[in-house]
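>
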Amino acid sequence: MTERSDSLIRELQELRDRSPAEALRRVDELDKTPNGRATAAIILIDCGDALGDLTSVSRGVDILEALSAEIAFSPDIAYNLANGLQLRARHSDESKTSFCGQVADDRFRARVHFGAVMNDTSTSLATQSRMLTNIGILFLETHRWVEALDCFQHAQCILPTNAVAAYQEMRRLMSLANLFFQNEETYRSYCHVDALCQRVRYLASVISKNYDVFEQFAGTSALPEVQKAVEQALTFDEVPAKPIDNPYFSFVRRNNIALSLHCSTEEFSSGRFDLLTIPHVHTSLLDELGVPEIFAMINVMKADFAFARQVFFEVRGDDADTPYFETTSHADTLDYAVYGVRYSALTTAQRIAFDILDKISVAIACYLKLPKAQKTSFINIWGKQEKSFILSGPVEAELIGGNQPLIALFNIFQDVSRHENLGDGFMGAQKHFRNSSTHRFTVLHDMGRDHSSKSSAINHNNLEDFEQLTLASLRLARAALFYFVDFIIFSERNKDNAQGALALTSEVPDHDYIRGRRE
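Residue numbers 26 to 544, in our numbering, belong to the letters of the sequence shown in order.
#1: Quick check on DSSP: helix, strand or coil for residue 466?
#2: In the structure shown, what three-state DSSP assignment does residue 449 receive?
#3: Can you grab the Cα-Cα spacing for the pair residue 232 / residue 84, in whole Å?
#4: Starting from residue 429, trace the beta strand (DSSP E) in both directions and tell me its first and last residue.
#5: Between which two residues does the beta strand (DSSP E) harbouring residue 486 extend?
#6: Does residue 307 come out as helix, strand or coil in the three-state DSSP assignment?
#7: Here's the rule I'm using: 16 or more other beta-carbon atoms within 10 Å means buried, otherwise exposed. How should residue 519 be labelled?
#8: Ends of the alpha helix (DSSP H) at residue 403?
#9: Can you tell which of 235, 187, 202 and 340 has its C-alpha closest to the C-alpha of residue 219?
#10: Just the Cα atoms here: how many angstroms apart are residue 399 and residue 423?
#11: Can residue 443 and residue 379 be called in contact, C-beta distance under 8 Å?
#12: Under 7 Å Cβ to Cβ from residue 377, same chain only, skipping five residues before and after it: list those, please.
#13: Below 8 Å, how does it come out for the region 479-499 and the region 398-415: are there three or more Cβ pairs, yes or no?
#14: For a test of the three-state rule: what should DSSP assign to residue 279, helix, strand or coil?
#15: Contact between the region 345-353 and the region 454-473: three or more CB pairs below 8 Å?
#16: With which residues is residue 409 paired in a DSSP beta bridge?
#17: Drop a sphere of 10 angstroms on the beta-carbon of residue 270, count the other beta-carbons inside from all chains shown, and report buried for 16 or more, exposed for fewer.
#18: Since residue 66 contacts residue 88 with CB under 8 Å, what's their CB separation in whole angstroms?
#19: Between 176, 247 and 372, which lies nearest to residue 548 when the distance is taken from Cα to Cα?
#20: Quick check: the Cα distance between residue 274 and residue 499, rounded to an integer number of angstroms?
#21: Going by DSSP, name the residue or residues bridged to residue 220.
#22: Quick check: residue 52 and residue 70, are their CB atoms within less than 8 Å of each other?
#23: Does DSSP put residue 363 in a helix, a strand or coil?
#24: Just to confirm my understanding: we take residue 62, look at its own chain, exclude 5 residues before and 5 after, and list those with CB closer than 7 Å. What are they?
#25: Compute the Euclidean distance between the alpha carbons of residue 205 and residue 438, then round it to the nearest angstrom.
#26: With 16 as the cutoff for other CB atoms within 10 Å, does residue 413 come out buried or exposed?
#27: Just tell me which of 212, 138 and 117 has its CA closest to the CA of residue 166.
#28: Quick one: using the 10 Å Cβ neighbour count with 16 as the cut-off for buried, is residue 241 buried or exposed?
#29: Report all residues from its chain with a CB closer than 8 Å to the CB of residue 47; omit the five preceding and five following residues, and keep chain order.
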């Protein structure tokens with residue numbers, strides 16, 4: 026690269042923030058080397074975004090797609106291409122309503138590219154953190170708010186100074202707190218509001234110390250709005266978090282995998298913190314007597330989730346004590362494979378967590394009174410694959426009607442599935458290993474990451490990687506359970522109760538109270 030090219034790149038990068046229109050006017054001055062084309066694409070995407078210029082964003086995406094086809098995998102190219110696809114979808118006229126077509130395809134492909142960047146060992150921590158922030162924002166655009174919060178938190182774990190991730194999480198939590206205060210009866214099981222407010226205050230303190238990082242990652246234009254929100258959040262009283270003595274409860278809080286967005290120390294101390302539930306449903310006089318079956322279903326799914334989470338806690342880490350007896354002897358296969366009850370328990374925990382998606386689909390099918398609801402799975406509830414994917418009529422009607430929680434679950438389906446024209450979703454490994462451990466064989470290895478077999482019956486994986494996969498499956502199941510309850514709440518609001526419908530709540534009777542376990 027010549028000195029003139031370097032100087033032009035620096036000049037255009039400065040213009041990108043100061044005068045995006047001028048940067049777009051001069052972008053064609055860059056040379057046609059791979060670096061020049063990549064720089065041009067980034068300027069087209071960033072400046073097109075700033076100006077709301079969909080044509081420029083699309084042109085930048087096209088350049089990066091051509092580059093990615095010409096050269097070996099590059100995390101930088103993949104990251105910027107994912108960012109461009111995300112922005113192209115956002116600026117489309119159909120961005121707010123589309124769950125299929127070009128917008129949906131762009132968002133799907135953006136998630137795939139972000140996932141590839143996350144899994145690449147050469148990706149810097151800063152890029153991983155920024156990528157998680159962007160995919161969190163992308164999740165919000167498809168109503169996957171629980172996963173978005175997880176991404177923002179993970180981004181901060183990787184890079185504690187990531188003020189953009191902190192702000193995105195804080196802004197969403199403040200919005201949720203307002204919703205919970207306005208609709209306390211509906212959302213009281215979602216979280217302990219005081220604990221949520223403490224998280225908001227903590228995030229505000231992180232942002233206030235890292236405004237320079239915010240400017241570096243997101244520019245200066247949004248800073249006044251951010252500072253105003255931070256000042257408001259810092260008015261919350263600060264209450265130091267109390268330690269939790271129980272190692273399992275501490276593990277749940279540390280990984281934020283309770284069926285509650287944020288729990289109080291008192292809830293952890295009591296041992297009752299998985300409080301998410303359906304607030305009420307409306308039944309007509311034509312329905313069967315008794316408590317609607319949807320309450321039994323949510324009870325079973327919550328218990329399955331809590332069991333899978335506890336099994337994972339007991340067996341994670343190769344040197345941890347477990348409650349399981351190792352009574353079997355094994356032949357060593359001389360490939361660093363590990364065998365025993367511990368590892369069967371680990372694959373079982375992943376399978377149970379992922380199978381909650383199937384239970385959710387059955388519950389939705391029963392609630393919507395779909396035919397053969399009991400035979401529904403998370404794969405077939407949405408429709409069927411013919412020459413192209415054909416949505417089920419009742420499900421399509423719900424999606425078109427703006428059922429946002431169902432749109433979130435449909436997007437999860439896309440991410441765990443393989444698509445004829447677009448390839449595998451970025452969460453496909455979770456479904457792959459669930460199927461392997463259910464119907465075939467999953468073998469884990471505590472050394473090395475390049476284990477393969479000529480046998481199509483055995484799937485190999487590194488033990489540490491599989492533990493992370495299991496934690497991801499637990500987080501996915503947790504998010505899906507929140508979306509399921511959101512789905513019920515959304516649907517109940519839209520029901521016509523003019524004909525004397527009877528409302529039942531999940532608060533009465535309480536199962537532990539009826540069984541004499543608590544007063």
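All residues carry an ideal CB built from backbone N, CA and C; glycine is no exception.
Straight from the coordinates:
#1: Within the sequence shown, residue 466 is the residue found at index 441, counting from 1. Residue 466 falls in the strand class under three-state DSSP.
#2: Position 424 of the sequence shown holds residue 449. Residue 449: strand per DSSP, three-state reduction.
#3: Translated into positions along the sequence shown, residue 232 becomes position 207. Translated into positions along the sequence shown, residue 84 becomes position 59. Between residue 232 and residue 84, the C-alpha separation is close to 34 Å.
#4: Counting from 1 along the sequence shown, the entry for residue 429 is found at position 404. Careful: residue 429 lies outside any beta strand (DSSP E), inside the alpha helix (DSSP H) at 429-440.
#5: On the sequence shown, position 461 is the one that residue 486 refers to. Where residue 486 is concerned, the enclosing beta strand (DSSP E) stretches over 483-487.
#6: Translated into positions along the sequence shown, residue 307 becomes position 282. In the structure shown, residue 307 sits in a strand (DSSP, three-state: E or B).
#7: Sequence index remark: in the sequence shown, residue 519 carries index 494 (1-based). By the neighbour-count rule (16 or more Cβ atoms within 10 Å), residue 519 is not buried but exposed.
#8: If you number the sequence shown from 1, residue 403 lands on position 378. It is not in any alpha helix (DSSP H) - residue 403 carries neither H nor E in the DSSP assignment.
#9: Position 194 of the sequence shown, counted from the start, is the residue given in the question as residue 219. Comparing Cα-Cα distances from residue 219 to each of 235, 187, 202 and 340, the minimum goes to 202.
#10: Sequence index remark: in the sequence shown, residue 399 carries index 374 (1-based). Sequence index remark: in the sequence shown, residue 423 carries index 398 (1-based). Roughly 20 Å separates the two Cα atoms.
#11: On the sequence shown, residue 443 is found 418 positions in, with the first residue counted as 1. On the sequence shown, residue 379 is found 354 positions in, with the first residue counted as 1. Not a contact, by the Cβ cut-off of 8 Å.
#12: Position 352 of the sequence shown, counted from the start, is the residue given in the question as residue 377. Around residue 377: 329, 332 and 333.
#13: no
#14: Indexing the sequence shown from 1 puts residue 279 at position 254. Correct three-state label for residue 279: helix.
#15: no
#16: Residue 409 sits at position 384 when you count from the first residue of the sequence shown. DSSP, once it has assigned bridges, lists 415 as partnering residue 409.
#17: Taking the first residue of the sequence shown as 1, we reach residue 270 at position 245. When all chains shown are included, residue 270 counts as exposed.
#18: As a first step, residue 66 must be located in the sequence shown, where it is residue number 41. As a first step, residue 88 must be located in the sequence shown, where it is residue number 63. The Cβ separation is near 4 Å, so the contact holds.
#19: Only positions 26 to 544 of the chain appear in this structure, which leaves residue 548 out of reach.
#20: Looking up residue 274 in the sequence shown gives position 249. Looking up residue 499 in the sequence shown gives position 474. Rounded to the nearest angstrom, the two C-alpha atoms are 15 Å apart.
#21: On the sequence shown, residue 220 is found 195 positions in, with the first residue counted as 1. In DSSP, residue 220 forms no bridge with anything.
#22: Residue 52 sits at position 27 when you count from the first residue of the sequence shown. Residue 70 sits at position 45 when you count from the first residue of the sequence shown. Their beta carbons are not under 8 Å apart, which means residue 52 does not touch residue 70 by this criterion.
#23: Here residue 363 is taken as the residue at index 338 of the sequence shown, counted from 1. Three-state result, residue 363: strand.
#24: Taking the sequence shown and counting its residues from 1, the one referred to as residue 62 is at position 37. So the list reads 88 and 92, once near-sequence residues are dropped.
#25: Indexing the sequence shown from 1 puts residue 205 at position 180. Indexing the sequence shown from 1 puts residue 438 at position 413. When rounded, the distance between both Cα atoms is 28 Å.
#26: Along the sequence shown, read from residue 1 onward, the residue named residue 413 stands at position 388. When all chains shown are included, residue 413 counts as exposed.
#27: Locating residue 166 in the sequence shown gives position 141, where the first residue counts as 1. Checked all of 212, 138 and 117; the closest Cα to residue 166 is 117.
#28: Translated into the one-based positions of the sequence shown, residue 241 becomes position 216. Looking at its Cβ environment, which holds fewer than 16 other Cβ atoms inside 10 Å, residue 241 is exposed.
#29: Within the sequence shown, numbered from 1, the residue matching residue 47 stands at position 22. If we look at residue 47 and ignore the five residues flanking it on each side, its Cβ neighbours are 40.
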